[in-house]
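Protein chains in written order, with this note's numbering: chain A, 850 to 1099; chain B, 8 to 541.
The C-beta atom is built at its ideal place from N, Cα and C for all residues, glycine as well.
Down below is the structure, laid out as structure tokens.
Written out as structure tokens, the structure reads:
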């Protein structure tokens, strides 16, 4: 027992200050197209052609755009662009909200996770949230076993047909108000797997999704930002003034 | 059968072939080095498999079913790894069009059980005489008579629409309860369903019911360019991204007849061992959590996180994605990242070793694992177990040493084994492998050959097949790729370590354990559901 105490003390504090201080997730992010450097869609379509998930699209815009929800970060568009106009942008705060979330969970957010066919990289990152580096319980976020206790349903994977029933029943068992967060490219837009005989191609084909967290997988700091925003607190960009009271206690 | 390789005249046969299989051999073909495809009749298949297993101590490594590209029925490919001979031997049998039945191999080679059930569900090929009639991949809502891996089943045709009952095995008797666990269960866990029959506390029978996560990745691969295939391989199991992409790239390299440059092969060893290190640290963290030792879990999770951050520094991805390509690596780590790897490696070893020693000295941890989920060596052998599960039961199987790839032939791999086969033995194997993995990383860094890390291969010969393999953190992964007339993927078959080890899990759970043993049991196996379900 003494050995554990000594080791714990010797290790010192490793916990990140994020979201109360800026964070660096150290992984390459979803690429963005530089409007000035891109020659325009008329001249070359290389980035569109090499994308394995059709995440790069034109959508009537002058230059191609990357849909973060579909991007699996393979960086093929980055390598394909002859003008170097497609560049990965390391961005921690990349979660996308469908609309305003109720501020009911500001003080505590209980999370139920359902694996709907992920490759388990997203699970590994979600599990990392409770390790000493990220420790989301300091932010009032807790993973719970029963959906009856949960405010937020976190779903990973493209929703396999074999898991769709269990996923819908878990959602139905949650009391309202409730939120759904799609974590990872597969959950957000099908990812590489997409729609097939065994998969529905994204959580929003089965359940109403409130937050999309892109990435393959999204790193822990991105997940923390998404959870903070699901709780109805402001994201990192506005965090300083919004939750100064909380910052003192963290 | 030309896609299996070039015709091999009788003079070119290995000496044992005629002796072991004798008159049953119809044709022999060979393509990539170390791979032999031996055609036998469908009637003789089971007997030939039994002969191979008995006389050459051959272990069943994979079973592939595929439709003939010219419409001439189906092919069944049973791939073995003979302990007494080098390389891989595949027994190939053809089923004519319209013929969907064959004699099951399972009664002779029990390790074939799950493969034959899978091929029944996905191809509609019925193994006559198979002891288990229950579906494996097929869930109750699939429409009857649909076999999604057949070519005439469109990939987009989603299998839904029907409620049904899944046939469940129940133990009958006074006081016997069936405890259903999953597929949605505690904490952040992979989806799996366990039907645990108990009498009081004791587990009488346990059936892991999987394939909730079946994503149809093998079908997804069909028609893709081999370069895109690596993206699929990387998503078989996120925490074994590098091992699976390596097995896939090596299959493609063997198919194209190229070899990655020496520097790339050394880097592949470094990345594969880093992946092993973070997985073993993470798995031991789960074991500590399962025994209620939260401090131990936190300390091991710190080691795992440090390696993931190191991975991100070296490659831009915490899970080593977008690195492997057929022909080598996409890029080499920056010099600064390599210096950090050299600097941090001794600290990681020291930290992991210290926590592992503390765990061994903590009776509450050791007691929960000792005699928990014991896998006898004969069960591991019969079921075809691989990886730490097999090694903890005394089977010295390790693809890095037995069938060396990348740069493992130049670096000595010392295989860690234990004999007890219980949870504690699986813990000890992982502890020993962490230190040896770190030593391999150090040695590979020291001996890193000069040169570049290769250039992606983009053109692949049409109508050819090859195997690729790698020792993933959870055991050997075997990939088989076959190209069509355009050099695109015709069939991609992955045999992940989980597929071999999950069949062992049920019997091990019902081996004198109580219900409260389930968390240490599951965490000591620490199997991936994702790559088993695909």
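Cβ closer than 7 Å: which chain B residues qualify as neighbours of residue 1046(A)? For the purposes of this step, residue 1046(A) is taken as the residue at position 197 of the first chain. Going along chain B in sequence order, the residues near residue 1046(A) (Cβ under 7 Å) are 155, 160, 162, 164, 165, 166, 223, 226.
Report yes if the CB atom of residue 421(B) is closer than 8 Å to the CB atom of residue 443(B), and no otherwise. For the purposes of this step, residue 421(B) is taken as the residue at position 414 of the second chain. For the purposes of this step, residue 443(B) is taken as the residue at position 436 of the second chain. Yes, they are a contact pair.
Going by C-alpha distance, which of 529(B), 268(B), 526(B) is nearest residue 1(B)? Absent from the structure is residue 1(B), since the part of chain B shown begins at 8 and ends at 541.
Give the residues of chain A in contact with residue 305(B), contact being defined as C-beta atoms less than 7 Å apart. Numbered from 1 along the second chain, position 298 holds the residue referred to as residue 305(B). Simply 980, 981.
Mind listing the chain A neighbours of residue 316(B)? Cutoff is C-beta to C-beta under 7 Å, in chain order. By 1-based counting over the second chain, the position of residue 316(B) is 309. In chain order: 875.
In the DSSP assignment, what residue or residues form a beta bridge with residue 213(B)? In the second chain, counting from the first residue as 1, residue 213(B) sits at position 206. DSSP lists 203(B) as partners of residue 213(B).
Just how far apart, CA to CA, sit residue 227(B) and residue 1075(A)? Taking the first residue of the second chain as position 1, residue 227(B) is located at position 220. Taking the first residue of the first chain as position 1, residue 1075(A) is located at position 226. In this structure, the straight-line span from the alpha carbon of residue 227(B) to that of residue 1075(A) is close to 30 Å.
Can you tell which of 133(B), 438(B), 71(B), 94(B) has its C-alpha closest to the C-alpha of residue 288(B)? On the second chain, position 281 is the one that residue 288(B) refers to. For the residues 133(B), 438(B), 71(B), 94(B), the minimum Cα distance to residue 288(B) belongs to 438(B).
Please name the residue or residues paired with residue 1030(A) in a DSSP beta bridge. As a first step, residue 1030(A) is located in the first chain; it is residue number 181 there, counting from the start. Residue pairing from DSSP places residue 1030(A) in a beta bridge opposite 1003(A), 1060(A).
Residue 370(B) lies in the beta strand (DSSP E); which residues open and close that run? One-based indexing of the second chain puts residue 370(B) at position 363. Counting along the chain, residue 370(B) falls outside any beta strand (DSSP E), though it belongs to the alpha helix (DSSP H) covering 370-376.
Tell me residue 4(B)'s beta-bridge partners as DSSP assigns them. The structure shown does not extend to residue 4(B), since chain B is modelled only from 8 to 541, so the question has no answer here.
Going by DSSP, what residue range makes up the beta strand (DSSP E) through residue 70(B)? Position 63 of the second chain, counting from 1, holds the residue named residue 70(B). Unbroken beta strand (DSSP E) run through residue 70(B): 65-74.
Inter-residue spacing [alpha-carbon to alpha-carbon] between residue 885(A) and residue 896(A): Position 36 of the first chain, counted from the first residue, corresponds to residue 885(A). Position 47 of the first chain, counted from the first residue, corresponds to residue 896(A). Going from the Cα of residue 885(A) to the Cα of residue 896(A) covers about 16 Å.
Taking all protein chains shown into account, decide if residue 58(B) is buried (16 or more other Cβ within 10 angstroms of its Cβ) or exposed. As a working mapping, residue 58(B) is identified with position 51 in the second chain. By the 10 Å Cβ count, residue 58(B) comes out buried.
Does the contact criterion of 3 or more C-beta pairs under 8 Å hold for the region 324-341 of chain B versus the region 449-467 of chain B? yes
So, is the C-beta of residue 924(A) closer than 8 Å to a C-beta in chain B? Within the first chain, numbered from 1, the residue matching residue 924(A) stands at position 75. By this cut-off, residue 924(A) is an interface position.
With H, G and I counted as helix, E and B as strand and the rest as coil, what does DSSP make of residue 921(A)? On the first chain, position 72 is the one that residue 921(A) refers to. Three-state DSSP puts residue 921(A) in coil, outside helix and strand.
Within 8 Å, do at least three Cβ pairs link the region 960-973 of chain A to the region 996-1008 of chain A? yes
Flag this pair as yes or no: are the beta carbons of residue 379(B) and residue 528(B) separated by less than 8 Å? Along the second chain, read from residue 1 onward, the residue named residue 379(B) stands at position 372. Along the second chain, read from residue 1 onward, the residue named residue 528(B) stands at position 521. In this structure, residue 528(B) lies closer than 8 Å to residue 379(B) by Cβ.
Can you tell me whether residue 1048(A) is buried or exposed? The criterion is at least 16 other CB atoms within 10 Å of its CB, across all chains shown. For the purposes of this step, residue 1048(A) is taken as residue 199 along the first chain, with counting starting at 1. By the 10 Å Cβ count, residue 1048(A) comes out buried.
Which class does residue 1098(A) belong to by DSSP, given the choice of helix, strand or coil? Residue mapping note: residue 1098(A) aligns to position 249 of the first chain, counting from 1. Because the pLDDT at residue 1098(A) is just 30, under 50, the model does not fix this residue reliably, and the value given afterwards should be weighed accordingly. Note: residue 1098(A) maps to helix in three-state DSSP.
Under 8 Å (Cβ pairs) to chain A, residues found in the region 183-215 of chain B: 190, 191, 192, 193, 194, 195, 196, 197, 198
Against chain A, does residue 245(B) count as a neighbour if the rule is that its beta carbon must be under 8 Å from one of theirs? Numbered from 1 along the second chain, position 238 holds the residue referred to as residue 245(B). By this cut-off, residue 245(B) is an interface position.
List, from N- to C-terminal side, the alpha helix (DSSP H) runs of 4 residues or more that fit wholly inside the region 864-935 of chain A. 895-899, 925-929, all fully within the region 864-935 of chain A.
Between the region 114-123 of chain B and the region 504-512 of chain B, do three or more beta carbon pairs fall short of 8 Å? yes
How should residue 1012(A) be labelled, buried or exposed, when 16 other C-beta atoms within 10 angstroms of its C-beta is the threshold for buried? Residue mapping note: residue 1012(A) aligns to position 163 of the first chain, counting from 1. By the neighbour-count rule (16 or more Cβ atoms within 10 Å), residue 1012(A) is buried.
To the nearest angstrom, how far is the alpha carbon of residue 1089(A) from that of residue 1077(A)? Residue mapping note: residue 1089(A) aligns to position 240 of the first chain, counting from 1. Residue mapping note: residue 1077(A) aligns to position 228 of the first chain, counting from 1. Because the pLDDT of residue 1089(A) is 38, which lies under 50, any placement of that residue in the model is unreliable, and the number read from its coordinates should be weighed accordingly. When rounded, the distance between both Cα atoms is 13 Å.
Taking the runs of the beta strand (DSSP E) that are 3 residues or longer, which of them lie wholly in the region 391-440 of chain B? none
Say whether chain A places a C-beta atom closer than 8 Å to the C-beta of residue 482(B). Position 475 of the second chain, counted from the first residue, corresponds to residue 482(B). It does not; no Cβ of chain A falls within 8 Å.
Residue 254(B) to residue 87(B), Cα distance in whole Å? For the purposes of this step, residue 254(B) is identified with residue 247 of the second chain, where counting begins at 1. For the purposes of this step, residue 87(B) is identified with residue 80 of the second chain, where counting begins at 1. Whole-angstrom Cα-Cα distance: 17 Å.
Report the three-state DSSP secondary structure of residue 379(B) (helix, strand or coil). Numbered from 1 along the second chain, position 372 holds the residue referred to as residue 379(B). If DSSP states are grouped into helix, strand and coil, residue 379(B) belongs with coil.
If we require 4 or more residues per run, which alpha helix (DSSP H) segments fall completely within the region 74-119 of chain B? none
Does the beta carbon of residue 1095(A) come closer than 8 Å to any beta carbon on chain B? Counting from one through the first chain, the residue named residue 1095(A) turns up at place 246. With a pLDDT of 32 at residue 1095(A), under the threshold of 50, the predicted position of this residue should be treated as unreliable, though the coordinate-derived value follows. Chain B contact via Cβ: absent.
Report, in whole angstroms, the separation of the C-beta atoms of residue 283(B) and residue 454(B), which I expect to be a contact under 8 Å. Counted from its first residue, the second chain places residue 283(B) at position 276. Counted from its first residue, the second chain places residue 454(B) at position 447. That pair is no contact at about 19 Å.
Counting only beta-carbon separations shorter than 8 Å, does residue 497(B) have a partner in chain A? Looking up residue 497(B) in the second chain gives position 490. No, residue 497(B) does not count as interfacial toward chain A.
Can you give the beta carbon distance from residue 320(B) to residue 347(B), rounded, assuming they're within the 8 Å contact cut? What you label residue 320(B) is simply residue 313 of the second chain in a count that begins at 1. What you label residue 347(B) is simply residue 340 of the second chain in a count that begins at 1. Their Cβ separation, rounded to whole angstroms, is 6 Å, which keeps residue 320(B) and residue 347(B) in contact under 8 Å.
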